[in-house]
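Taking it in order: structure first as structure tokens, then the write-up.
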Amino acid sequence: ALRRGQKRGLGWGVKEKDRIQFQEALKELNIGLENRLKVDTQYLSGGQRQALTLVMAALVKLKLLLLDEHTAALDPKTSQMVMDLTQKIVEHHQWTTLMITHDMNHAIEYGNRLIMLYQGQIVVDVKGEEKK
Numbered sequence: 004a005l006r007r008g009q010k011r012g013l014g015w016g017v018k019e020k021d022r023i024q025f026q027e028a029l030k031e032l033n034i035g036l037e038n039r040l041k042v043d044t045q046y047l048s049g050g051q052r053q054a055l056t057l058v059m060a061a062l063v064k065l066k067l068l069l070l071d072e073h074t075a076a077l078d079p080k081t082s083q084m085v086m087d088l089t090q091k092i093v094e095h096h097q098w099t100t101l102m103i104t105h106d107m108n109h110a111i112e113y114g115n116r117l118i119m120l121y122q123g124q125i126v127v128d129v130k131g132e133e134k135k
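Going by this note's numbering, the first residue of the sequence shown is number 4, and it counts up by one from there.
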């Protein structure tokens with residue numbers, strides 16, 4: 004899951020220190036993927052791929068995390084797991100996050116500001132408790 008370029012012989016494989024840091028982050032988050040690192044990503048579920056992507060993002064110094072329908076193709080249980088993981092990582096790193104979603108429950112539960120668009124125009128813009 005972490006060695007795509009290395010596997011294809013492209014010469015830009017994963018450095019050992021990055022691999023160790025990735026494994027430590029997986030253990031710390033306790034999402035049950037520590038033993039799946041050598042599995043080709045095509046054999047991982049959508050939720051597992053999203054979780055690994057979030058963990059990889061956590062290892063980079065980000066200023067803004069952009070999530071575009073990152074739970075759209077997931078079943079409700081997996082979607083909830085990915086959203087909980089997202090919240091945990093975002094809060095830990097104190098990232099500014101822009102999440103695009105059609106799931107109003109996710110927008111209300113996880114967002115601290117809700118902006119709704121209709122035909123390219125802002126029709127709702129609420130913050131904090133106003134959104135509930």
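The beta carbon of each residue, even a glycine, is placed where N, CA and C say it ideally should be.
Because the structure is a prediction, the values reported are computed rather than measured.
Could you spell out the range, first to last residue, of the alpha helix (DSSP H) harbouring residue i?
{"i": "residue 30", "result": "19-32"}
{"i": "residue 63", "result": "Counting along the chain, residue 63 falls outside any alpha helix (DSSP H), and DSSP gives it neither H nor E."}
{"i": "residue 82", "result": "79-96"}
Would you give the residue range spanned by the beta strand (DSSP E) that residue i belongs to?
{"i": "residue 100", "result": "99-103"}
{"i": "residue 117", "result": "116-121"}
Just grab the DSSP bridge partners of residue i for me.
{"i": "residue 111", "result": "For residue 111, which the question treats as bridged, DSSP gives no partner whatsoever."}
{"i": "residue 71", "result": "103"}
{"i": "residue 128", "result": "118"}
Cβ atoms of residue j and residue i: under 8 Å apart, would you say?
{"i": "residue 49", "j": "residue 77", "result": "yes"}
{"i": "residue 53", "j": "residue 73", "result": "yes"}
{"i": "residue 26", "j": "residue 37", "result": "yes"}
{"i": "residue 103", "j": "residue 71", "result": "yes"}
{"i": "residue 101", "j": "residue 69", "result": "yes"}
So, does the segment 86-106 touch the segment 44-63, judging by three or more C-beta pairs under 8 Å?
yes
Report yes or no: do the segment 115-123 and the segment 80-90 share at least 3 C-beta pairs separated by less than 8 Å?
Contact between the segment 115-123 and the segment 80-90 is absent, because fewer than three Cβ pairs lie under 8 Å.
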